[in-house]
Structures are given as C-alpha cells and as structure tokens.
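Taking full-length UniProt numbering, I'd label the letters of the sequence shown as residues 1 to 99. Everything below concerns the one structure shown next.
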Amino acid sequence: MHSLGGGGYFRLYPYSLYEWGVKRLLATRNKPFVFYLHPYDVDHEQPITFSFNINKLIQQYYGRKTAYNRLEKLMKVGEFTTIKEFLSIEGEQIYGTSL
Numbered sequence: 001m002h003s004l005g006g007g008g009y010f011r012l013y014p015y016s017l018y019e020w021g022v023k024r025l026l027a028t029r030n031k032p033f034v035f036y037l038h039p040y041d042v043d044h045e046q047p048i049t050f051s052f053n054i055n056k057l058i059q060q061y062y063g064r065k066t067a068y069n070r071l072e073k074l075m076k077v078g079e080f081t082t083i084k085e086f087l088s089i090e091g092e093q094i095y096g097t098s099l
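As structure tokens, then:
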C-alpha cells in the first residue's frame, strides 16, 4: 500500500500535483493507493473555531470549499473501494480466508 496522504494534504496541495502523484503511483507500482479523509475535510459549512495560530487555521480550514469537487474528480482517476473490502480481498489472497 502507498499513500500520498489525505485530508489536509489533499486540500493543501494543488489538485493537479496530487492527481499526478496518484497516477504515478498507480502506473509504477502494482499496489493499491490508500486515500483517506475526515468528514470535516469536505464540510465547508462547519463553523470556524477561532485560533491565534494561523498555521492551525490554514491546516484545519483551507480548501474545504473545493475538497468535495476535488474528491469527485479524483474518483475518476482509478478504481476505488473501502478499506474493509480491500482488507477482505487481501486477507483471502494472503491467508486463504476473509478477515
């Protein structure tokens, strides 16, 4: 399994760079790409909690308005499944039984 990171990284990196990284991983390795998000990563209507720490504000809130649309675009790059389904398939291949 490989990961470029999800959540904040997905929101902070330019989408074209993130998509390029995903495509490169899928093309050069015969392994799945792991992608994850927290529900708040795509919830741009979540109230902002004030903080004097500008880095924390950027990390927590930057890119939420566009995250859902970016996710829809990313879903067209390859095949996706849940981690539960992936582990079930891998378990059968490795151990001869579902997890």
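Built from N, CA and C at the ideal position, the CB exists for glycine as well.
Original post:
Pick from R11, I89, K65: whose alpha carbon is nearest that of Y36?
Top reply: Counting from one through the sequence shown, the residue named residue 36 turns up at place 36. Considering only alpha carbons, the answer is R11.
Original post:
Quick one: Cα of D43 to Cα of R70, how far?
Top reply: For the purposes of this step, residue 43 is taken as residue 43 along the sequence shown, with counting starting at 1. For the purposes of this step, residue 70 is taken as residue 70 along the sequence shown, with counting starting at 1. Rounded to whole angstroms, D43 and R70 show a C-alpha spacing of 13 Å.
Subject >> Own chain, CB closer than 8 Å to G7, minus 5 neighbours either side, in chain order >> reply: Numbered from its first residue, the sequence shown carries residue 7 at position 7. Beyond the five residues adjoining it in sequence on each side, G7 comes within less than 8 Å, by CB distance, of Y36, L37, H38, D41 in the same chain, given in chain order.
**OP:** Please state if the CB of L74 and the CB of V34 are separated by a distance shorter than 8 Å.
**Re:** Start at 1 with the first residue of the sequence shown, and residue 34 comes out as number 34. Start at 1 with the first residue of the sequence shown, and residue 74 comes out as number 74. Taking 8 Å as the Cβ cut-off, V34 and L74 do not qualify as a contacting pair.
**OP:** Quick one: grab the DSSP three-state call for G6.
**Re:** Sequence index remark: in the sequence shown, residue 6 carries index 6 (1-based). The answer is coil: DSSP assigns G6 none of H, G, I, E or B.
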